[in-house]
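Undergrad: Quick one: structure below, then a few questions.
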Amino acid sequence: MRSQTYNKTMVDKIWNFFSSVKVGIWIIIVILIAAAIGTIFPQEMYIPPNVDPTTYYKEEYGTPGQIFYLLGFHNLYGSWWFLLLLAALGISLIIVSIDRGFPLYRALKYQRVTRHESFMKRQRLFAVSDSGISMDRVKRVLAKKHYKIKEDNGNILAEKNRFSRWGPYVNHAGLIIFLIGAMLRFFPGMYTDQTLWIREGETVAVPGTKTEDGQYYLKNHKFIMELYDKKDKDYSAALDKTGNPVPKNYQSNVTLYHAGPSDVVGAKPELKKERDAKIKVNEPLSFNDYSLYQVDFKLNEFHRMNLKLENKKSGKSYGEIKVNLFNPKSTYVLGNGYKVEMVEYFPNFKLDENDQPTTENSVPDNPAFVFKMFTPETPKGETAFIGIRKNVEAGDNKYKMSFSGIETKNVSALTVKKDKTLPIIIIGGIIFMLGVVQGLYWNHRRIWIQQRNGQLWIAAHTNKNWFGLKREMQNISEDSGLVMPIDQSDEKSA
Amino acid sequence: MKKKQRLVFRSILLVIVAVAVGYTLYNNVFNDKSGSVQKGDQAPDFELTDLQGNKVQLSDYKGKGVFLNFWGTWCKPCQREMPYMQKEYRNYKKQGVEILAVNVGESRVSVKNFADRFHLSFPIPLDGSREVTKAYGIGPIPTTFLVDKNGKVIEITSESLSNETIKSYMEKIKP
């Protein structure tokens, strides 16, 4: 039927193209090759977050890297042509199933009991014997083996496990549901996966949670990392073996807020408290389809640095300043005519190519300052450069700044997840597996027994597992006296 | 008759699939960087405080062209274009073009020292929480948005700009 040529319209041409199993297999092969190529260089989500992908792939991997990037392999599952390939696979599955599933259903539903002589002869398992055995006994034996029996003029069609033939179509349906689920990820409001770094004490907008009703905010009160106690007798032996400390818990204590809609970014929102929560690994904070998972952390990031203004000779201190490394003040007044001005601030100090002091970025990993110190004794001010293990000052300075302490804070990394497609994908996956099981663990077996010219003709067919069918036929013939049909393919090869 | 039915069925099915796939592709390709600002978009309004402590709101500049620059003191390419921006700012301010140089996440002290060193006189809004930076979907800096007098983004560039380029940009957004 399918191979008949009636290519009149465009629709039929497209349909027939996708109806070919060969085309479907080629689509799968192309998808596999593309997915394999996509693993040669890292995907965009795994390259360092602060580099520009337009140049990164070329600089790191040369021309192949550039081609990789230009063809969209760096973001394979988001590239338009990969999506088109998946769509083509979906269409192919639908059309192949429609074109084969329905005709097969009809053919099996309306199959005749009495088949033509040549049909019988063509079957792989076939035999002719004298009639004269009890057909009632044969039917009883077949029924015991769970065959469904249809009769027509004394001829028999015994059939079992027909439903196993629907396995591939159930399997295809599951795959199509799976693909629909994957497709829905690209629909607005269905899917979010973003990372959020949040310092202790900070309140930030939760990315990906902005809607017409407003936006969620999160405050991080504390990040906690707990280790297994070496003194605990339950663990001490195991801990001695590993040698390294073993973490027991990563936890962020947070408060979730919600703010009403705002057209202006950056304006201080009016936060309404939703609830307090403790986020641990595998124990996310879930709200309104969103889940916040603990994924990473940074311990002891510099937050505040304390310095004392001291007289160099006497060592006497004239007060302490506390420098907030994220937002230092420009002047620190100590009273009694003593004050310190911050002339320069380098959060992540380094020397540039001209040996000029500069900063690597805005994260205070290696803070350095230029201070100007004013005292009643030195009203014009004395300048000093202070960094970690780097102090530079004029030799005749009478005063100096010395470190007196540092305060650190931890940083939590959370992922914001929302996936409304997951139930669809899971259902699709389950249906897919049911189809596989259905098609694999049962075989559709048919046995025809016909009276012809005083002889008894027997033929048997299965869609797979001929060995199993032959064993079953052996049992049936022993129990019923029916002759054991011969495997004609054995005869030919012998 | 049966053939016609089949054609109708096939056509409907193919159309449904084509629409679904088309919509997915549209969402993926055109709204790819969800939340980030694209050329032709209305520039999202924001409110920040500048170096002097004044409130800066983008929508207050309606009717003017805005050269909206995102930068950091530690970024060399940003440093290179600053003197040119300052120079053209003086030329074009009277012609209705404003520069807003949003600093990405740095402290007031660092930015002030930098601004003093380069004698910058245009407003420098401080985006300490990086909320505006995120809303504009800034990847690398410097990134410059050219906003016309109607608040529409007509150009986005992530290059360190030469004096000539800045001048031509100013001409482009001059009201």
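Going line by line, the protein sequences match chains A and B. Every number in our numbering is 2 more than the matching position in the first sequence, counting from 1. Every number in our numbering is 334 more than the matching position in the second sequence, counting from 1. Virtual Cβ for every residue (Gly too), placed ideally from N, Cα, C.
Within a Cβ cutoff of 7 Å, which residues of the same chain sit near residue 467 (chain A), ignoring the five residues on either side of it in sequence?
TA: On the first sequence, residue 467 (chain A) is found 465 positions in, with the first residue counted as 1. Here the set comprises 445.
Undergrad: Any C-beta of chain A within less than 9 Å: which residues of the stretch 442 to 464 of chain B qualify?
TA: 442, 443, 444, 446, 447, 459, 461, 462, 463 and 464
Undergrad: State the start and end residues of the unbroken alpha helix (DSSP H) segment that holds residue 114 (chain A).
TA: Taking the first sequence and counting its residues from 1, the one referred to as residue 114 (chain A) is at position 112. No alpha helix (DSSP H) contains residue 114 (chain A), which DSSP labels as neither H nor E.
Undergrad: Could you tell me the alpha carbon to alpha carbon distance between residue 368 (chain B) and residue 366 (chain A), rounded to whole angstroms?
TA: Counted from its first residue, the second sequence places residue 368 (chain B) at position 34. Counted from its first residue, the first sequence places residue 366 (chain A) at position 364. Only weak support is given to the placement of residue 368 (chain B): the predicted model assigns it a pLDDT of 49, under 50, and the value that follows is read from those uncertain coordinates. Cα-Cα distance, rounded: 30 Å.
Undergrad: Can you give, in chain order, each stretch of the alpha helix (DSSP H) that sits fully within the stretch 225 to 253 of chain A and has at least 4 residues?
TA: 238 to 244
Undergrad: Quick check: the Cα distance between residue 229 (chain A) and residue 394 (chain A), rounded to an integer number of angstroms?
TA: Counting from 1 along the first sequence, the entry for residue 229 (chain A) is found at position 227. Counting from 1 along the first sequence, the entry for residue 394 (chain A) is found at position 392. Distance between the alpha carbons of residue 229 (chain A) and residue 394 (chain A) is about 41 Å.
Undergrad: Suppose you measure from the CA of residue 55 (chain A) to the CA of residue 474 (chain B); what does that come to, to the nearest Å?
TA: Walking along the first sequence from the start, residue 55 (chain A) turns up at place 53. Walking along the second sequence from the start, residue 474 (chain B) turns up at place 140. Cα to Cα, residue 55 (chain A) sits roughly 10 Å from residue 474 (chain B).
Undergrad: Going by C-alpha to C-alpha distance, which of B:429, B:394, B:492 and B:483 sits closest to residue 470 (chain B)?
TA: Taking the first residue of the second sequence as position 1, residue 470 (chain B) is located at position 136. Out of B:429, B:394, B:492 and B:483, B:492 has the C-alpha closest to the C-alpha of residue 470 (chain B).
Undergrad: Assuming residue 375 (chain A) is part of the beta strand (DSSP E), what are its boundary residues?
TA: Mapped onto the first sequence, residue 375 (chain A) falls at position 373. That run of the beta strand (DSSP E) goes 370 to 376.
Undergrad: Residues of chain B with CB under 7 Å from residue 450 (chain A), in chain order?
TA: Translated into positions along the first sequence, residue 450 (chain A) becomes position 448. Listed along the chain, the chain B residues whose CB falls inside 7 Å of the CB of residue 450 (chain A) amount to none; the nearest CB is some 31 Å away.
Undergrad: Mind listing which residues of the stretch 327 to 345 of chain A have their C-beta closer than 9 Å to chain B's C-betas, in chain order?
TA: Within the stretch 327 to 345 of chain A, the residues whose Cβ lies closer than 9 Å to some Cβ of chain B are 327, 328, 329, 330, 331, 332, 344 and 345, listed in chain order.
Undergrad: Quick one: Cα of residue 490 (chain B) to Cα of residue 436 (chain B), how far?
TA: In the second sequence, the residue the question calls residue 490 (chain B) occupies position 156. In the second sequence, the residue the question calls residue 436 (chain B) occupies position 102. Straight-line Cα distance between these residues: approximately 15 Å.
Undergrad: So the candidates are A:123, A:205, A:203 and A:100; which of them puts its Cα closest to the Cα of residue 344 (chain B)?
TA: Against the second sequence, residue 344 (chain B) aligns to sequence position 10. The shortest C-alpha separation from residue 344 (chain B) is found at A:100.
Undergrad: When the Cβ atoms of the stretch 441 to 456 of chain A are set against those of the stretch 202 to 219 of chain A, are three or more pairs found closer than 8 Å?
TA: no
Undergrad: Within the 8 Å Cβ cut-off, does residue 493 (chain B) reach chain A?
TA: The sequence position of residue 493 (chain B) within the second sequence is 159, counting from 1. Not closer than 8 Å to any Cβ of chain A, the Cβ of residue 493 (chain B) fails to qualify, so no.
Undergrad: Do residue 202 (chain A) and residue 223 (chain A) have their CB atoms nearer than 8 Å?
TA: Here residue 202 (chain A) refers to the residue found at position 200 when the first sequence is read from its first residue. Here residue 223 (chain A) refers to the residue found at position 221 when the first sequence is read from its first residue. Contact: yes.
Undergrad: Can you grab the Cα-Cα spacing for the pair residue 411 (chain A) / residue 355 (chain B), in whole Å?
TA: Stepping through the first sequence from its first residue, residue 411 (chain A) is reached at position 409. Stepping through the second sequence from its first residue, residue 355 (chain B) is reached at position 21. Those two C-alpha atoms are separated by around 48 Å.
Undergrad: Note down the Cα distance separating residue 351 (chain B) from residue 95 (chain A), rounded to an integer number of angstroms.
TA: The residue given as residue 351 (chain B) occupies position 17 in the second sequence. The residue given as residue 95 (chain A) occupies position 93 in the first sequence. Spanning the two alpha carbons is a distance of roughly 12 Å.
Undergrad: Short of 8 Å in beta carbon distance, which residues of its chain neighbour residue 238 (chain A), apart from the five on each side in sequence? Order them along the chain.
TA: The count along the first sequence starts at 1 and reaches residue 238 (chain A) at position 236. Counting only Cβ-Cβ distances below 8 Å, and skipping sequence neighbours, we find 232.
Undergrad: Whole alpha helix (DSSP H) runs in the stretch 394 to 461 of chain B with 4 or more residues, listed along the chain?
TA: Counting only runs of 4 or more, we get 410 to 426 and 442 to 451.
Undergrad: Let's test the definition: count the other Cβ atoms within 10 Å of the Cβ of residue 403 (chain B) and tell me whether it reaches 16, buried, or not, exposed.
TA: Numbered from 1 along the second sequence, position 69 holds the residue referred to as residue 403 (chain B). Classification of residue 403 (chain B): buried, given that the 10 Å Cβ count is 16 or more.
Undergrad: Between A:476, A:153 and A:219, which has its C-alpha nearest residue 274 (chain A)'s C-alpha?
TA: As a working mapping, residue 274 (chain A) is identified with position 272 in the first sequence. Considering only alpha carbons, the answer is A:219.
Undergrad: Name, going along the chain, the residues of the stretch 379 to 393 of chain A whose beta-carbon falls closer than 9 Å to a beta-carbon of chain B.
TA: none
Undergrad: Report the rounded CA-to-CA distance for residue 264 (chain A) versus residue 191 (chain A), giving the unit in angstroms.
TA: Start at 1 with the first residue of the first sequence, and residue 264 (chain A) comes out as number 262. Start at 1 with the first residue of the first sequence, and residue 191 (chain A) comes out as number 189. About 19 Å.
Undergrad: For chain B, find out if any of its Cβ atoms is closer than 8 Å to the Cβ of residue 54 (chain A); answer yes or no.
TA: Taking the first residue of the first sequence as 1, we reach residue 54 (chain A) at position 52. The Cβ of residue 54 (chain A) sits closer than 8 Å to at least one Cβ of chain B.
Undergrad: Looking only at C-alpha atoms, which of B:358, B:482, B:496 and B:498 sits nearest to residue 506 (chain B)?
TA: Working through the second sequence from its first residue, we reach residue 506 (chain B) at position 172. Nearest C-alpha to residue 506 (chain B) among B:358, B:482, B:496 and B:498: B:482.
Undergrad: Give the straight-line distance between the Cα atoms of residue 26 (chain A) and residue 409 (chain B), rounded to the nearest whole angstrom.
TA: The residue given as residue 26 (chain A) occupies position 24 in the first sequence. The residue given as residue 409 (chain B) occupies position 75 in the second sequence. If I take the Cα positions, the gap works out to 52 Å.
Undergrad: Starting from the N-terminal side, write out each stretch of the beta strand (DSSP E) that is 3 residues or longer and does not extend beyond the stretch 47 to 80 of chain A.
TA: none
Undergrad: Nearest CA to the CA of residue 2 (chain A): which residue from A:457, A:294 and A:378?
TA: The shown model of chain A, from 3 to 496, leaves out residue 2 (chain A), and the question about it has no answer.
Undergrad: Please list the partners that residue 474 (chain B) has in chain A, where partner means a Cβ-to-Cβ separation under 7 Å.
TA: For the purposes of this step, residue 474 (chain B) is taken as the residue at position 140 of the second sequence. Neighbours of residue 474 (chain B) on chain A, chain order: 54.
Undergrad: Which residues in the same chain have their Cβ closer than 7 Å to the Cβ of residue 162 (chain A), if we skip the five residues on either side of it in sequence?
TA: The sequence position of residue 162 (chain A) within the first sequence is 160, counting from 1. 148, 149, 150 and 447, listed in sequence order.
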